[in-house]
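The next block holds one structure in the form of structure tokens; read it before the comments.
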Amino acid sequence: MNAAPPAIDRKGLSAAIASYVLWGVFPLYWYLLKHVPAMQIISHRIVWCALFVVGFLVIREGWGWLRTALMRPRVAWMLLASSVFISFNWGIYIWAVTNGRVIEASLGYFINPLVNVLIGVLVLHERLNRAQWAAVAIAGLGVLWLALLHGDPPWIALALAFSFAFYGLIRKLANVDAVPGLAIESLFLLVPALAWLGFAHSQGVAAFGDGNLASDALLVFGGALTALPLIGFAYGARRIPYSLVGILQYIAPTLQLIGGVWLLGEAFTGTQAIGFGAIWVALAIYGVDGWRRSRRQPALAAREHCAEQVPACDGAAPPHESERRP
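Residue numbers (our numbering): 914 to 1239.
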């Protein structure tokens, strides 16, 4: 008995793809603000993201979302920790983009899924099959090659990959929805961000309000752009298979790499391509393995359904739940 694969929710798929495309073209947006110090960009990103997301939730639900989220055990402390990781990630990313390091930044997000795998093994005690271990090993060789090429490890890529991986781990364990969680993280970071902007203004080096209206508009709209893909991702991830989400996530670093080479004019040599190629091979192995396992799940469910529906032969009882394969 063959089970048809579940239909893909088109709205969920469109939301997920749009989110990854936005993340992929972000370097081009932040590059327009390269004349603004990175810390001011991050601070404005936090301030306007907080106003946008908190305003959205207050209009939709009042302040009940905040009380509901913070009443759950350990949520406040976990979101405080995740806000530190995401602010560090944003800081490294914006510094990389505004200093001509988009290719290395994209490498970080190619590596990130495999770092997630390692964290799953070491922290969550998940188990890997041979294909997954092979993918991790090949990606490690690619990173080692790039480290030898540059004379030191690709710190920007590794910092981005690990900071976002630990951010994702905390958000996975925290019992809070994506949008309220982002709002609370932004509120935690709001006071330090305002303090930094106030300090910049007192020193006469503030970029906002200096007469450059285009720059001011980019800083304000950057907050909305920070929130929109996160909201779209949360919408899509709940409506499409997670294995499909895993494949779609490579849209963003691919677009970042293309933008860095073709639009921003960064160099991409043949020796760099060897390291990236190893990581792409690893991602292909990991992606194909995930796709094959996801295809096997409906068939396994169908066999179990048949075992329950077909009468037992020779008077034998159907298999007990504990006797079925996990």
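All C-beta atoms, glycine included, are put in the ideal place defined by N, C-alpha and C. Keep in mind it's a predicted model, so treat the numbers as computed, not measured.
- The C-alpha of residue 1026 lies about 42 Å from the C-alpha of residue 1124.
- Taking a contact as a CB-CB distance under 8 Å, the pair residue 955 and residue 1004 counts as one, their CB atoms being some 5 Å apart.
- For the pair residue 1161 and residue 1168, the Cα-to-Cα distance works out to about 12 Å.
- Under the rule that a run must span 3 or more residues, no beta strand (DSSP E) segment is found entirely inside the stretch 1084–1136.
- Nearest Cα to residue 1031 within the set 1094, 1047, 1016, 1017: 1047.
- Going by DSSP, residue 1012 is part of no alpha helix (DSSP H) at all; its letter is neither H nor E.
- Per DSSP, reduced to three states, the secondary structure at residue 952 is helical.
- Between the stretch 966–974 and the stretch 1073–1087 there are fewer than three C-beta pairs closer than 8 Å, too few to call the two in contact.
- Here the alpha carbons of residue 1205 and residue 1002 stand approximately 32 Å from one another.
- Contact annotation: residue 1023 and residue 1163 have beta-carbon atoms nearer than 9 Å.
- Between residue 1091 and the set 1140, 1112, 1119, 1069, the nearest pair of CA atoms involves 1140.
- The beta carbon of residue 1006 sits closer than 7 Å to those of 1018, 1073, all from its chain and outside the five residues before and after it, given in chain order.
- Per DSSP, reduced to three states, the secondary structure at residue 924 is helical.
- Secondary structure of residue 1181 (DSSP, three-state): coil.
- About 28 Å separates the Cβ atoms of residue 1093 and residue 951, ruling out a contact at the 8 Å cut-off.
- Burial is judged here by how many other beta carbons sit within 10 angstroms of a residue's own beta carbon; residue 957 has at least 16 and is buried.
- Closest option to residue 1199, judged by alpha-carbon separation, among 1013, 1029, 922: 1029.
- Between residue 1145 and residue 926, the gap from beta carbon to beta carbon reaches 9 Å or more.
- In this structure, the straight-line span from the alpha carbon of residue 1000 to that of residue 959 is close to 8 Å.
- Taking C-beta atoms as the reference points, residue 1165 and residue 1069 fail to come closer than 9 Å.
- Per DSSP, reduced to three states, the secondary structure at residue 975 is coil, with no helix or strand assignment.
- With contacts defined by Cβ atoms closer than 9 Å, residue 1119 and residue 953 form a contacting pair.
- Relative to the Cα of residue 963, the nearest Cα in the group 1098, 1057, 1012 belongs to 1098.
- Here residue 968 is exposed, its C-beta having fewer than 16 other C-beta atoms within 10 Å.
- By the criterion of a C-beta distance shorter than 7 Å, residue 1106 is surrounded in its chain by 956, 959, 960, once the five residues flanking it on both sides are discounted.
- Excluding its 5 nearest sequence neighbours in each direction, residue 978 has C-beta neighbours in its own chain below 6 Å: 970, 1093, listed in chain order.
- Secondary structure of residue 1152 (DSSP, three-state): coil.
- For the set 1100, 1045, 1058, the Cα lying nearest the Cα of residue 1195 is the one of 1045.
- Nearest to residue 1132 by C-alpha distance, out of 924, 965, 937, is 965.
- Between residue 1054 and residue 1067 a beta carbon distance of about 13 Å is seen, past the 8 Å cut, so the two are scored as non-contacting.
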